[in-house]
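Engineer: Have a look at this one.
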Amino acid sequence: MSNRPVPIPDAETAPFWEGAEAGQLKIQRCTACDHAIFYPRLVCPACMTEEPAWVDASGQATIHALTTVHRTGPAFRGDVPFAVALVELAEGPRMMTRILSQQPEALRIGDAVQVTFVSQPEGPPLPFFTHC
Numbered sequence: 001m002s003n004r005p006v007p008i009p010d011a012e013t014a015p016f017w018e019g020a021e022a023g024q025l026k027i028q029r030c031t032a033c034d035h036a037i038f039y040p041r042l043v044c045p046a047c048m049t050e051e052p053a054w055v056d057a058s059g060q061a062t063i064h065a066l067t068t069v070h071r072t073g074p075a076f077r078g079d080v081p082f083a084v085a086l087v088e089l090a091e092g093p094r095m096m097t098r099i100l101s102q103q104p105e106a107l108r109i110g111d112a113v114q115v116t117f118v119s120q121p122e123g124p125p126l127p128f129f130t131h132c
């Protein structure tokens with residue numbers, strides 16, 4: 001058993017994790033105002049319409065903010081150094097993620113990245129990004 005945190009899908013997030021299992025990044029889009037939404041929600045944050053629709057995202061993004069982790073707790077100690085970034089998806093929303101790179105210090109804000117899904121010992125695959 002791993003000591004890493006494991007996502008637990010629920011009714012609100014299940015379509016996102018089902019997409020991850022299929023290798024597809026899913027986001028929501030408001031059926032009323034067309035606002036792209038990430039993280040999963042029951043109500044559109046732009047217009048408060050209920051039941052946003054799930055859509056496939058392109059998986060393309062740009063690094064908006066970035067840091068390289070050199071120290072961490074025991075669960076991730078074997079991974080350092082690694083990059084954590086806020087990426088802006090091509091569809092508009094931003095998401096926090098890891099950028100998989102052999103040289104995390106070489107990554108820059110504004111770099112193009114692409115989603116990839118990484119299987120875990122427990123739980124669903126996780127969406128990480130790689131440099132294009």
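Sequential numbering of the sequence shown, starting at 1, is according to the working numbering. Where is the CB? At the ideal position from N, CA and C, for every residue including glycine. These figures come from a predicted structure and were not determined experimentally.
Please check the pair V118 and T130, which I expect to be a contact at CB under 8 Å, by giving their CB distance rounded to whole angstroms.
Structural biologist: At roughly 10 Å, the Cβ-Cβ gap does not stay under 8 Å, so V118 and T130 are not in contact.
Engineer: Would you kindly report the start and end of the unbroken alpha helix (DSSP H) that includes P15?
Structural biologist: A14 to E21
Engineer: Around the C-beta of S101, are 16 or more other C-beta atoms found within 10 angstroms, so that it is buried, or is it exposed?
Structural biologist: buried
Engineer: Does the segment 78-92 come within contact of the segment 48-58, defined as at least 3 CB pairs closer than 8 Å?
Structural biologist: yes
Engineer: Tell me F117's beta-bridge partners as DSSP assigns them.
Structural biologist: DSSP, once it has assigned bridges, lists P127 as partnering F117.
Engineer: State yes or no: is the C-beta of W17 within less than 9 Å of the C-beta of P7?
Structural biologist: yes
Engineer: With DSSP collapsed to three states, give me the class of R71.
Structural biologist: coil
Engineer: Which residue wins for smallest C-alpha separation from Q24, given the options T116, A46 and G123?
Structural biologist: Ranking the options by Cα distance to Q24, first place goes to T116.
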